[in-house]
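First up is the structure itself, then whatever we jot down about it.
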Amino acid sequence: MKLQKIIMHLDMDYFFAQVEERENPEFKGKSVVVGANPRNGKGRGVVSTSNYKAREYGIRSGMPISRAYKLNPGAIFLPVNMRLYEKTAESISQILGEEGPKIEKISLDEAYIDLTGKYKTFKEAKKIGEKLKKEILKKEGLTSTVGIAENKMLAKIACESAKPNGIKVVLPKNSLNFISDLDVQKIPGIGPKTKEKIGKYLSKENPKIKDASKIKKKELVLLLGKRGEDFFKKFQGVDDARVLSKRKIKSVGREHTFQKDTRDPEKITKIFRNLVNTVTDKVQRKNLIVKGVVVIFRFEDFKKHTKQIAFPGGIYDKKFVYKKSVPLLLRFLMENNKKIRLIGFRTILK
Ligand code: DCP
Ligand code: CA
Ligand code: CA
Numbered sequence: 047m048k049l050q051k052i053i054m055h056l057d058m059d060y061f062f063a064q065v066e067e068r069e070n071p072e073f074k075g076k077s078v079v080v081g082a083n084p085r086n087g088k089g090r091g092v093v094s095t096s097n098y099k100a101r102e103y104g105i106r107s108g109m110p111i112s113r114a115y116k117l118n119p120g121a122i123f124l125p126v127n128m129r130l131y132e133k134t135a136e137s138i139s140q141i142l143g144e145e146g147p148k149i150e151k152i153s154l155d156e157a158y159i160d161l162t163g164k165y166k167t168f169k170e171a172k173k174i175g176e177k178l179k180k181e182i183l184k185k186e187g188l189t190s191t192v193g194i195a196e197n198k199m200l201a202k203i204a205c206e207s208a209k210p211n212g213i214k215v216v217l218p219k220n221s222l223n224f225i226s227d228l229d230v231q232k233i234p235g236i237g238p239k240t241k242e243k244i245g246k247y248l249s250k251e252n253p254k255i256k257d258a259s260k261i262k263k264k265e266l267v268l269l270l271g272k273r274g275e276d277f278f279k280k281f282q283g284v285d286d287a288r289v290l291s292k293r294k295i296k297s298v299g300r301e302h303t304f305q306k307d308t309r310d311p312e313k314i315t316k317i318f319r320n321l322v323n324t325v326t327d328k329v330q331r332k333n334l335i336v337k338g339v340v341v342i343f344r345f346e347d348f349k350k351h352t353k354q355i356a357f358p359g360g361i362y363d364k365k366f367v368y369k370k371s372v373p374l375l376l377r378f379l380m381e382n383n384k385k386i387r388l389i390g391f392r393t394i395l396k
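Numbers in my numbering are just positions in the sequence shown, counted from 1, shifted up by 46.
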C-alpha cells in the first residue's frame, strides 16, 4: 500500500497589508492598499496587496494602482516596506521550524510542512495547524490560514478555500469530491490561457475539474504539451511532488516602471543597465550561476511581453550576462514602436 502522506500548507492572510495594520492599529476597519504611489490617480505602478475591506471595492494584487485609486480613492495607500515584511516572515519561519525540518518555504508568506510519520492522523495534524495559527497570532499578531490534505496540491487548494483565518482538512476519502466542482483554474499552474484551451476542447466556458478529469492523458498532452501529463494527474487529485526542505533560489529579478511612457533609447538603456547590474550583483553575492535571462517589457497598452535566452552551460560573469542580454532589449525596440511603460530583467538560476 502507498504511504499515506499528511501535508500542511500555511499561508498568511493579506500579508503585507496585515503587517501594516498591525503596525498602525488606527487602520483597523479601513481600506488599506500596499503598493506603488497612486499620485492622485496618476500613479504608475501596481497594487502589491490590499486588506479585505479594500477587496470589497474590487481592488486586487497586480492591478494598476491608478485603477485601485479610482475604485476607492479614500483608501489608505502605503508603500511597500519590504524589510518589515521580511523580518516578520523570518519570525514566522522560526515558529514553523518548531514542527521539524520538513518545511518548504514557497514565498515570504507561505510554506508547506510534511507531517507524515510525525503525526498518525489528520485529527492530530489539525491540532498542530491550530497550534501554529495560535502561536503566529500570539507572537506576531497576525492571522493565517491552514490547509491539510494528502498532497501539496490539495493542501494548497484547501488553504485557499478557508481564507481568511481558517483551517480546512480534506480527508483522503474526500479528496476527489473536494475538487470535482471547482473551476480548473484552482489547480496551481492553470491560468486563464490554459483554462481557455481546456474550455474550447470541452466546449464549456467554465470547465470544472471533474470535466477536465475526463480528458484522456494523450489528448491532454496534445492540447497542453508536456505539462499535460502533470495536469492529467492533478485533475485526478494526484500530486507526487515532495516537500523540499531547502528550496534553492530559482530566479532573481527586478522591474522598473517609467514615470512616463517612453521611447527614449538613452533612458531605456540606462535603466536596463541598472536593472541588470542590481540583479547580477545579487546573483554574484550568492555565488549563483545564470542559466538564462528573461527581459520583460510592458508597453503603453499595458500588455506584458517577455523574451528569453538560455545559457545551457551557465554563466557566472556579470559583464558577460549583460552582453548576452542586450540583444533581447534591442529586439524589443526594433520589433515595434510602441512606448514603453515598464522594463524588467530576470535571471534563471542553476
Ligand atoms: N504580492 C505582490 N504582488 C502580487 C501578489 C502578491 O507583491 N501580484 C505580495 C503581497 C502579498 C504577498 O505577496 O501580501 C502574499 O501574496 P498572497 O498571494 O498570499 O496574497 P495575500 O497574502 O496578500 O492575500 P491572501 O489573504 O489572499 O493570501
Ligand atoms: Ca497570503
Ligand atoms: Ca501566499
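By construction, the Cβ of each residue, glycine as well, lies at the ideal position given by its N, Cα and C atoms.
Item, Value
"Mind listing, in chain order, the residues whose beta carbon lies closer than 7 Å to a non-hydrogen atom of ligand 2?", "Asp57, Met58, Asp59, Tyr60, Phe61, Asp155 and Glu156"
"Does the segment 61-68 come into contact with the segment 126-137, if we say contact requires no fewer than three beta-carbon pairs (one atom in each stretch) closer than 8 Å?", "yes"
"DSSP has methionine 58 in a bridge; who is on the other side?", "Ser190"
"How about serine 153: is its Cβ closer than 7 Å to a heavy atom in ligand 3?", "yes"
"Would you check if the distance between the CB atom of isoleucine 7 and the CB atom of leucine 395 is smaller than 8 Å?", "Residue coverage of the chain in this structure runs from 47 to 396, which leaves residue 7 outside it and unanswerable."
"Give the single residue among Asp347, Asp276 and Lys280 whose Cα lies nearest to the Cα of serine 221.", "Lys280"
"I want to check one thing, is the minimum distance from the CB of threonine 95 to the heavy atoms of ligand 1 below 7 Å?", "yes"
"Just grab the DSSP bridge partners of alanine 195 for me.", "Ile53"
"Considering only C-alpha positions, which residue in the set Ile159, Ser190, Glu136 and Arg101 is nearest to lysine 51?", "Ile159"
"So within the segment 299-342, which uninterrupted alpha helix (DSSP H) runs reach at least 4 residues, ignoring any that extend past its ends?", "311-331"
"Going along the chain, which residues of its own chain have a beta-carbon closer than 6 Å to the beta-carbon of aspartate 307, five neighbours each way excluded?", "Glu346, Lys385 and Arg387"
"Under 6 Å Cβ to Cβ from lysine 99, same chain only, skipping five residues before and after it: list those, please.", "Ser77"
"Does the Cβ-Cβ distance between aspartate 285 and threonine 191 come in under 8 Å?", "no"
"Count the other CB atoms within 10 Å of the CB of proline 84; is the residue buried (16 or more) or exposed (fewer)?", "buried"
"If you count every other CB in all the chains shown that lies within 10 Å of the CB of alanine 287, and 16 or more means buried, which is it?", "exposed"
"With a threshold of 7 Å (Cβ to nearest heavy atom), would glycine 108 be considered close to ligand 1?", "yes"
"Determine, using beta carbons only, whether glutamine 305 and arginine 90 come nearer to each other than 8 Å.", "yes"
"Are there any heavy atoms of ligand 1 lying less than 7 Å away from the beta-carbon of lysine 209, as far as the coordinates show?", "yes"
"Would you call the segment 229-237 in contact with the segment 245-258, where contact means no fewer than 3 C-beta pairs closer than 8 Å?", "yes"
"Give me the DSSP bridge partner(s) of valine 93.", "Gly81"
"Among residues of its own chain, excluding the 5 on either side of valine 215, which ones have a beta-carbon nearer than 6 Å to its beta-carbon?", "Phe168, Lys172 and Ile194"
"Could you tell me whether the Cβ of isoleucine 213 comes closer than 8 Å to any Cβ of chain D?", "No chain D appears in the structure shown, which is made up of a single protein chain."
"Considering only the beta carbon of each residue, do serine 137 and lysine 185 sit closer than 8 Å?", "yes"
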